[in-house]
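Novice: Heads up, the sequence shown is in my numbering, so the first residue is 161 and it goes up one at a time.
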Amino acid sequence: MLYLLDTDTCSYAIRYACATLDARLAAAKAGSLAISAVTRAELIFGLEKRGNPRALSRRVHAFLDRVTVVSWDAAAADRFAQLRAKLERDGTPIGVFDTMIAGHALALKATLVTNNRKHFQKVKALRVENWVKETPPA
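Written out as C-alpha cells, the structure reads:
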C-alpha cells in the first residue's frame, strides 16, 4: 500500500516530536511512503519564505531523503481538475494545493496521511488516515 503524506503531516514530522507519527513513519515498509511534488514545493517554499534557516533546512532535507517524491503527471492533473470542479459544484471547495494533493492521491490509489481531516473529508472517494492522532491497528 502506498501512503501519500500531505504537507501538514510532513510539517508536523519535521517540526515536532510526536510518538504516534514517528512510530508509524518508522514502521512503514520501504517504498510505501511518498509525497506529491506539490508537497515538496510547499515545504521548499516554507524554507525560502523564512530565509532558508540552516537548522530547519537540515530537518526538511533529512525528511525529504526518507520519502519518495512522486512527480505531478497527467493523471494527477486530470483527477485534480475533476475533483476541483465537483467540490465547487457542491459548494464545498478546499484550498487549491489540498485539492491537488487529494487528486494526486486518488490518481495513485494511495491512502492520504493528514492531520487535516476537516478539508479532506469532503473528498468522499479518498482514503484518509491521521497518523498524528490515530494509533496503528493491532
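Built from N, CA and C at the ideal position, the CB exists for glycine as well.
Are the beta-carbon atoms of residue 173 and residue 181 separated by less than 8 Å?
Specialist: Their beta carbons are under 8 Å apart, which means residue 173 touches residue 181 by this criterion.
Novice: Label residue 260 either buried or exposed according to how many other C-beta atoms from any shown protein chain fall within 10 Å of its C-beta, with 16 as the threshold for buried.
Specialist: Residue 260 is buried by the Cβ-count criterion.
Novice: With 16 as the cutoff for other CB atoms within 10 Å, does residue 245 come out buried or exposed?
Specialist: Residue 245 comes out exposed.
Novice: Going by other Cβ atoms of all chains shown within 10 Å of its Cβ, with 16 needed for buried, is residue 176 buried or exposed?
Specialist: Classification of residue 176: exposed, given that the 10 Å Cβ count is below 16.
Novice: With residue 229 and residue 197 assumed to form a contact (beta carbons below 8 Å), what rounded beta-carbon distance in angstroms separates them?
Specialist: Correct: roughly 6 Å between the Cβ atoms.
Novice: According to DSSP, is residue 195 part of a helix, a strand, or is it coil?
Specialist: Residue 195 falls in the strand class under three-state DSSP.
Novice: Using a 10 Å radius around the Cβ and a threshold of 16 neighbouring Cβ atoms, would you call residue 212 buried or exposed?
Specialist: Answer is exposed; the Cβ neighbour count stays below 16.
Novice: Could you name the residues that DSSP lists as bridge partners for residue 228?
Specialist: Residue 228 pairs with 194.
Novice: Going by beta carbon distance, what residues of the same chain come within less than 8 Å of residue 242, once the five residues before and after it are set aside?
Specialist: Correct list, in chain order: 263.
Novice: Report, in whole angstroms, the separation of the C-beta atoms of residue 203 and residue 178, which I expect to be a contact under 8 Å.
Specialist: No, residue 203 and residue 178 are not in contact; Cβ-Cβ is about 17 Å, not under 8 Å.
Novice: Which residues does DSSP pair with residue 288 in a beta bridge?
Specialist: Paired residue(s): 272.
Novice: Hey, residue 207 and residue 216 are a contact pair by Cβ (cut 8 Å); roughly how many whole angstroms apart?
Specialist: Correct: roughly 6 Å between the Cβ atoms.
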